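Asks:
Protein chains in written order, with the numbering used here: chain E, 300 to 596; chain U, 84 to 313; chain A, 207 to 351.
(1) Hey, is residue 164 (chain U)'s beta-carbon within less than 8 Å of any beta-carbon in chain E?
(2) So residue 363 (chain U) and residue 114 (chain U) are supposed to be a Cβ contact under 8 Å. How far apart are they, rounded?
(3) Taking only beta-carbon atoms, is residue 438 (chain E) less than 8 Å away from chain U?
(4) Using a Cβ-Cβ cutoff of less than 6 Å, which residues in the same chain neighbour residue 296 (chain U) once the five nearest sequence positions on both sides are dropped?
(5) What separation, rounded to the nearest whole angstrom, lies between the Cα atoms of residue 331 (chain E) and residue 308 (chain E)?
(6) Thinking C-beta only, is residue 197 (chain U) closer than 8 Å to residue 229 (chain U)?
(7) Using a Cβ cut-off of 8 Å (strictly closer), state whether residue 354 (chain E) contacts chain A.
(8) For the stretch 437-449 of chain E and the stretch 407-422 of chain E, state whether three or more C-beta atom pairs, one from each stretch, are separated by less than 8 Å.
(9) When the Cα atoms are used, what is the spatial distance from residue 361 (chain E) to residue 450 (chain E)?
(10) Within the stretch 246-305 of chain A, note down every full alpha helix (DSSP H) run reaching 4 residues or more, in order along the chain.
(11) Does any residue of chain E have a CB that is nearer than 8 Å to the CB of residue 264 (chain A)?
(12) When you compare each of E:405, E:484, E:480, E:558 to residue 327 (chain E) by their alpha carbons, which one comes out closest?
(13) Going by Cα to Cα distance, which pick from U:232, U:199, U:282, U:95 is closest to residue 176 (chain U)?
(14) Would you report the Cα separation of residue 152 (chain U) and residue 141 (chain U), rounded to the nearest angstrom?
(15) Can you pull the chain A neighbours of residue 584 (chain E), defined as C-beta to C-beta under 8 Å?
(16) Three-state secondary structure (DSSP) at residue 197 (chain U)?
(17) So is residue 304 (chain A) buried or exposed if we call it buried at 16+ other beta carbons inside 10 Å?
(18) Using a Cβ-Cβ distance cut-off of 8 Å, determine whether residue 227 (chain A) contacts chain E.
(19) Rounded to whole angstroms, what is the Cα-Cα separation between residue 128 (chain U) and residue 363 (chain E)?
(20) Looking at the unbroken beta strand (DSSP E) that takes in residue 486 (chain E), where does it start and where does it end?
(21) Should residue 238 (chain U) be flagged as near chain E, meaning a C-beta pair shorter than 8 Å?
(22) Does the separation of the CB atoms of residue 352 (chain E) and residue 329 (chain E) fall below 8 Å?
(23) Can you list, in chain order, the residues of its chain whose CB lies under 6 Å from that of residue 238 (chain A), leaving out five sequence neighbours each side?
(24) Under 8 Å by Cβ, that's how I've got residue 333 (chain E) and residue 486 (chain E) pegged, so tell me the actual separation to the nearest angstrom.
(25) Which of the three DSSP states, helix, strand or coil, is assigned to residue 503 (chain E)?
(26) Answer with yes or no whether the minimum CB distance from residue 389 (chain E) to chain U is below 8 Å.
(27) When the Cα atoms are used, what is the spatial distance from residue 338 (chain A) to residue 331 (chain A)?
(28) Can you check whether the C-beta of residue 329 (chain E) is within less than 8 Å of a C-beta belonging to chain A?
(29) What are the boundary residues of the beta strand (DSSP E) that residue 249 (chain U) is part of?
(30) Anything in chain E within Cβ reach of residue 335 (chain A), meaning under 7 Å, just list it in chain order.
(31) Along the chain, where does the beta strand (DSSP E) containing residue 383 (chain E) start, and where does it finish?
(32) Using a Cβ-Cβ cut-off of less than 8 Å, give me the residues of the stretch 474-500 of chain E that come near chain A, in sequence order.
(33) Should residue 335 (chain E) be flagged as near chain A, meaning a C-beta pair shorter than 8 Å?
(34) By Cβ distance, which residues of its chain are closer than 8 Å to residue 293 (chain A), with the 5 residues on each side in sequence left out?
(35) Quick check on DSSP: helix, strand or coil for residue 151 (chain U)?
(36) Please classify residue 219 (chain A): does DSSP put it in a helix, a strand, or coil?
Right, dumping it as structure tokens:
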């Protein structure tokens with residue numbers, strides 16, 4: 300058993316119209332809650348489909364549970380241990396809630412009926428309700444129920460809170476945290492709601508144009524990144540060469556705002572050594588880190 | 084569970100297919116007890132067409148084409164859910180094709196029963212045993228059409244598949260009637276002129292040929308899906 | 207963005223955007239609870255799972271906070287039973303309590319002198335920053351031969 304429950308190396312995949320993945324390196328530690336971030340079209344869904352064995356990559360390798368994703372047998376075995384929520388929350392239009400639960404259950408030997416019952420009640424899903432009559436939010440919840448009740452070791456969720464109102468989002472996040480804490484399942488989810496990711500993820504990966512731009516522990520990232528505000532007494536005199544670690548510099552009158560991706564202490568020292576400056580440090584949110592990286596790419 | 088799902092998906096199509104058979108039945112009903120020739124006409128011409136329709140309709144196996152990845156709503160969009168289940172595409176196709184075949188066979192059998200019950204003229208001309216042989220022949224020969232449709236379903240979408248099947252069958256019919264191939268390859272004759280009802284013999288050669296052809300087509304379909312499998 | 211919860215009579219308030227890592231905030235608040243006496247020696251803290259659930263935060267973060275607190279001697283993790291406040295944590299808290307008294311008299315005196323709350327805060331922060339940079343210069347000076 301490897302330390303990473305998901306590991307890809309230089310994954311490439313092109314479609315007729317575009318190159319979706321251009322050498323993606325992804326590592327998801329076991330037992331983590333991994334937030335997979337990226338703009339629309341960056342390659343998130345393609346990555347997920349590849350991990351599930353729904354797409355064959357052009358080159359590179361991918362492993363889930365240490366099993367290479369290379370043939371029909373192995374991918375079926377992998378899917379048996381994964382709970383999945385698709386981006387489009389579409390299920391069979393001719394089934395009711397109860398029917399689809401009954402239908403999905405036999406495929407998964409580790410199915411947890413207690414969880415299914417619990418979420419049925421908690422999410423207030425009508426057992427006899429026909430799926431097309433459910434609102435988008437209810438369908439999202441139903442898909443979550445189906446994914447979590449599988450008793451899976453890995454949950455792969457593509458926009459799990461899409462279409463949910465704030466109370467429902469809170470419910471879902473709480474349940475995900477609960478599952479992670481009680482079963483030790485790894486949760487790999489993509490989301491546009493950076494605030495959500497910031498709350499429950501301990502690992503984060505940002506993908507843009509088919510490549511992983513930055514990934515690692517969220518705590519580390521937030522410790523490394525800092526925003527420095529340098530206010531000059533009269534004229535702005537920037538050093539000829541800044542210390543290493545600056546992601547961006549913006550000037551507004553006598554104030555210079557620096558986003559440092561690492562080495563903040565050295566940069567602060569350098570700034571403080573310029574006569575007539577006051578330097579203030581501010582924490583950086585995940586949103587700022589994200590925007591900075593996809594903007595500059 | 085896949086069978087259950089397939090059933091839920093196709094039960095209305097089956098109903099519709101049975102409804103189509105009503106066309107034949109209606110025609111039969113109109114024929115007076117002594118209208119032997121008219122019955123022949125129907126059995127030779129109308130019946131094969133109806134069978135074609137039944138097979139084309141019931142062989143839909145949307146799972147295995149590429150289209151599901153682009154669809155956004157409804158049945159097609161949900162295929163990603165199905166594909167994310169721990170089943171191979173091969174098994175998905177096999178179950179779907181198998182279920183469709185059972186439904187088609189059932190529809191044909193039901194049609195024959197209904198024909199027998201509705202048409203006094205038919206009852207005059209033939210025996211229950213012969214009816215059974217007739218049903219068997221129809222099922223065997225129609226299987227070839229059915230599995231052609233299944234093979235086409237592996238790379239064509241619904242509408243194209245139906246057209247493709249009809250064109251394929253038409254081509255086959257043309258070839259059968261206009262080229263000097265051995266008699267047993269003409270399954271249409273087997274369903275019509277040479278059928279137990281009209282010729283009062285069972286066209287075993289044609290049946291064997293048809294079954295063999297069905298097997299080849301099914302095998303081809305499975306291979307296509309397997310190749311496309313991860 | 208704040209999250210509130212009331213567990214065992216304690217209220218935890220965590221701020222996503224303060225820049226202070228969540229596990230540190232949690233640690234601070236546990237220590238504060240010990241200082242004010244809300245948590246006594248032998249009291250049991252919520253389980254990792256229930257705390258993560260109530261605050262809707264990553265369980266590993268709670269684990270980290272508890273482990274660090276154990277490392278600092280504030281609590282001990284009894285395998286299978288949970289996290290319990292230790293005596294040493296309590297004595298540290300008493301120290302902090304004394305420090306509180308010192309700061310209280312300083313604040314009183316400065317307020318009498320006429321400083322506003324903002325000015326007071328700035329004075330304290332400047333002093334802290336001053337001390338920090340003095341320590342750094344000291345270290346740098348020692349580093350150079």
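Quick reminder that beta carbons are idealized off the backbone N, C-alpha and C, glycines included.
Since the structure is predicted, the reported quantities are computational estimates derived from the model, not experimental observations.
Replies: In short, the structure shows the following:
(1) In the second chain, counting from the first residue as 1, residue 164 (chain U) sits at position 81. Judged by the 8 Å Cβ criterion, residue 164 (chain U) is in contact with chain E.
(2) Nothing can be reported for residue 363 (chain U), as the shown portion of chain U is limited to 84 through 313.
(3) Numbered from its first residue, the first chain carries residue 438 (chain E) at position 139. Closer than 8 Å: no.
(4) Mapped onto the second chain, residue 296 (chain U) falls at position 213. Closer than 6 Å at Cβ, skipping near neighbours: 227.
(5) Taking the first chain and counting its residues from 1, the one referred to as residue 331 (chain E) is at position 32. Taking the first chain and counting its residues from 1, the one referred to as residue 308 (chain E) is at position 9. So the two alpha carbons sit approximately 19 Å from each other.
(6) Along the second chain, read from residue 1 onward, the residue named residue 229 (chain U) stands at position 146. Along the second chain, read from residue 1 onward, the residue named residue 197 (chain U) stands at position 114. No, Cβ-Cβ distance for residue 229 (chain U) and residue 197 (chain U) is not below 8 Å.
(7) On the first chain, residue 354 (chain E) is found 55 positions in, with the first residue counted as 1. Not a single C-beta of chain A is nearer than 8 Å to the C-beta of residue 354 (chain E).
(8) yes
(9) If you number the first chain from 1, residue 361 (chain E) lands on position 62. If you number the first chain from 1, residue 450 (chain E) lands on position 151. Each residue's alpha carbon lies about 23 Å from the other.
(10) 254-261, 265-277
(11) Numbered from its first residue, the third chain carries residue 264 (chain A) at position 58. Taking Cβ atoms only, chain E reaches closer than 8 Å to residue 264 (chain A), which makes this a yes.
(12) Translated into the one-based positions of the first chain, residue 327 (chain E) becomes position 28. It is E:484 whose Cα lies nearest to the Cα of residue 327 (chain E).
(13) Working through the second chain from its first residue, we reach residue 176 (chain U) at position 93. Comparing Cα-Cα distances from residue 176 (chain U) to each of U:232, U:199, U:282, U:95, the minimum goes to U:232.
(14) Numbered from its first residue, the second chain carries residue 152 (chain U) at position 69. Numbered from its first residue, the second chain carries residue 141 (chain U) at position 58. For residue 152 (chain U), the predicted structure reports a pLDDT of 43, less than 50, and the residue's modelled location is therefore unreliable. A value from the coordinates is still provided. Cα to Cα, residue 152 (chain U) sits roughly 22 Å from residue 141 (chain U).
(15) Here residue 584 (chain E) refers to the residue found at position 285 when the first chain is read from its first residue. For residue 584 (chain E), the residues of chain A that pass the 8 Å Cβ criterion are 222, 223, in the order they occur in the chain.
(16) Here residue 197 (chain U) refers to the residue found at position 114 of the second chain. Assigned with DSSP and collapsed to three states, residue 197 (chain U) falls in helix.
(17) Working through the third chain from its first residue, we reach residue 304 (chain A) at position 98. Label assigned to residue 304 (chain A): exposed.
(18) Indexing the third chain from 1 puts residue 227 (chain A) at position 21. Yes, contact with chain E.
(19) Here residue 128 (chain U) refers to the residue found at position 45 of the second chain. Here residue 363 (chain E) refers to the residue found at position 64 of the first chain. One C-alpha to the other measures close to 57 Å.
(20) Start at 1 with the first residue of the first chain, and residue 486 (chain E) comes out as number 187. Per DSSP, residue 486 (chain E) belongs to the beta strand (DSSP E) from 485-489.
(21) By 1-based counting over the second chain, the position of residue 238 (chain U) is 155. Chain E, which has no Cβ nearer than 8 Å to the Cβ of residue 238 (chain U), makes this no.
(22) Here residue 352 (chain E) refers to the residue found at position 53 of the first chain. Here residue 329 (chain E) refers to the residue found at position 30 of the first chain. No, the Cβ-Cβ distance between residue 352 (chain E) and residue 329 (chain E) is not below 8 Å.
(23) The residue you call residue 238 (chain A) lines up with position 32 of the third chain. No residues qualify anywhere along the chain.
(24) Reading the first chain from its first residue, position 34 is the one you call residue 333 (chain E). Reading the first chain from its first residue, position 187 is the one you call residue 486 (chain E). Contact holds; Cβ gap of about 7 Å.
(25) The residue labelled residue 503 (chain E) in the question sits at position 204 within the first chain. Strand at residue 503 (chain E).
(26) For this step, residue 389 (chain E) is matched to residue 90 along the first chain. With 8 Å as the cut-off, residue 389 (chain E) counts as an interface residue toward chain U.
(27) For the purposes of this step, residue 338 (chain A) is identified with residue 132 of the third chain, where counting begins at 1. For the purposes of this step, residue 331 (chain A) is identified with residue 125 of the third chain, where counting begins at 1. When rounded, the distance between both Cα atoms is 10 Å.
(28) Translated into positions along the first chain, residue 329 (chain E) becomes position 30. So, not an interface residue.
(29) Position 166 of the second chain, counted from the start, is the residue given in the question as residue 249 (chain U). From DSSP, residue 249 (chain U) is part of no beta strand (DSSP E) but of the alpha helix (DSSP H) over 241-261.
(30) Position 129 of the third chain holds residue 335 (chain A). Under the 7 Å cutoff, chain E gives no residues; its nearest Cβ is about 10 Å from residue 335 (chain A).
(31) Locating residue 383 (chain E) in the first chain gives position 84, where the first residue counts as 1. That run of the beta strand (DSSP E) goes 381-384.
(32) For the stretch 474-500 of chain E, the beta-carbon criterion of a distance under 8 Å to any beta-carbon of chain A is satisfied by 476, 477, 479, 480, 481, 494, 497, 498, 499, 500.
(33) If you number the first chain from 1, residue 335 (chain E) lands on position 36. It does not: the Cβ of residue 335 (chain E) has no partner Cβ on chain A nearer than 8 Å.
(34) In the third chain, the residue the question calls residue 293 (chain A) occupies position 87. Cβ neighbours of residue 293 (chain A) beyond the five flanking positions: 247.
(35) Translated into positions along the second chain, residue 151 (chain U) becomes position 68. Residue confidence is low: residue 151 (chain U) scores 41 on pLDDT, short of 50, so the model does not pin down where it sits. No coordinate-derived value is stated.
(36) Position 13 of the third chain, counted from the first residue, corresponds to residue 219 (chain A). Three-state DSSP puts residue 219 (chain A) in a strand.
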